[in-house]
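Chemist: Right, I'll just put the structure down here and ask away after.
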Amino acid sequence: MGKTRGVSAVNVVFGWLRQQSNKVKIALGVVIYLILVVFLRFTVKNHNHFFVASELIHAAGILILIYKLTRQKTCSGLSLKSQEVTAIFLAVRLICSIYMEGDIHTILDFATLVSTLWVIYMIRYKLKASYIKTLDTCHNYYVLVPSAILALVINPSTSYSYIHRIMWAFCVYTESVSVLPQLRLMQNAQIIEPFTAHYVFALGIARFLACAHWLIQVFETRGHYLWLIGAGYFWFPVALIAELVQTFILADFCYYYVKSVMEGQLVLKMPV
234 MGKTRGVSAV NVVFGWLRQQ SNKVKIALGV VIYLILVVFL RFTVKNHNHF FVASELIHAA
294 GILILIYKLT RQKTCSGLSL KSQEVTAIFL AVRLICSIYM EGDIHTILDF ATLVSTLWVI
354 YMIRYKLKAS YIKTLDTCHN YYVLVPSAIL ALVINPSTSY SYIHRIMWAF CVYTESVSVL
414 PQLRLMQNAQ IIEPFTAHYV FALGIARFLA CAHWLIQVFE TRGHYLWLIG AGYFWFPVAL
474 IAELVQTFIL ADFCYYYVKS VMEGQLVLKM PV
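Quick note: the sequence shown uses our numbering, first residue 234, plus one each step.
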């Protein structure tokens, strides 16, 4: 009885949301997001843990794909192009991490890269019959070329070599839009299978945590990093925008994902 009432309440909430304009939905999303960021700000003491958690959740999303590919023997619903872009920025980030950090982030990047390469191999060779190429229409150069150009122009000012600074900026920019081919494929397909939906939702949670770290940095420095733009230092504001872009790109999907889960649907239907 309680479960039925809970589902009814959820349906009422989502029904009300559907009737609202996009501006209202965006405003509510921003408010909820900021409330969650404030909650994390005062409950997690070491904010660097956000990045570790983000990378762990990304790795968990890859494990979900591996389970799908090994148990269901199909790669339908997955974007090969998105996986290739992911492998590129992970490989570049791993090189930077080995040179600049050499810590837990390096281990996580290596594990995630190996897993992503395995997913690419399965899609390209073992399960290529189930790969729907006609739906995977977002070309990689739409993502990689702008990221590379922006990295050449705007990159962090650190003690590391110029090439490593460019590579690091390229990773940040590319990661922020790496999910676009996957979202494009899902829009073309309209119906998303559960494991693919779980994977993309995991990416959404990962980006939320990473973006929360940047926003908390702004809060704790009282906006000092943003004021640096007046001195010609654009790296931090642009990196923050890149994080916000991917977060909001995935926010719409996460809304429909949560809605479907709460309504007990096995597949996710994307809006036309």
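All C-beta atoms in this analysis are idealised placements derived from N, C-alpha and C, irrespective of residue type, glycine included.
Please report how far the alpha carbon of S390 lies from the alpha carbon of W468, in whole angstroms.
Modeler: 8 Å
Chemist: Using the C-alpha atoms, what's the distance from V325 back to P379?
Modeler: So the two alpha carbons sit approximately 16 Å from each other.
Chemist: For I424, name the three-state secondary structure that DSSP assigns.
Modeler: Of the three classes helix, strand and coil, the one that applies to I424 here is strand, per DSSP.
Chemist: In this structure, how does DSSP classify K361 when only helix, strand and coil are distinguished?
Modeler: helix
Chemist: Does L208 come out as helix, strand or coil in the three-state DSSP assignment?
Modeler: In this structure the chain extends from 234 to 505, so residue 208 is not present and cannot be described.
Chemist: Does the Cβ of Q577 have 16 or more other Cβ atoms within 10 Å, making it buried, or fewer, making it exposed?
Modeler: Not covered by the structure: residue 577. The range shown for the chain is 234 to 505.
Chemist: Identify whether T307 lies in helix, strand or coil by the three-state DSSP scheme.
Modeler: If DSSP states are grouped into helix, strand and coil, T307 belongs with coil.
Chemist: Could you check where the alpha helix (DSSP H) with K314 kicks off and where it finishes?
Modeler: L313 to M333
Chemist: On the DSSP letters alone, give me the boundaries of the alpha helix (DSSP H) that D369 sits inside.
Modeler: Note, D369: premise wrong, no alpha helix (DSSP H); not H, not E.
Chemist: I need the straight-line Cα distance from K359 to T367, nearest angstrom please.
Modeler: 18 Å
Chemist: Are the Cβ atoms of S363 and I295 separated by less than 8 Å?
Modeler: no
Chemist: On the CB-based measure, 16 or more other CB atoms within 10 Å of its CB, does Q305 come out buried or exposed?
Modeler: exposed
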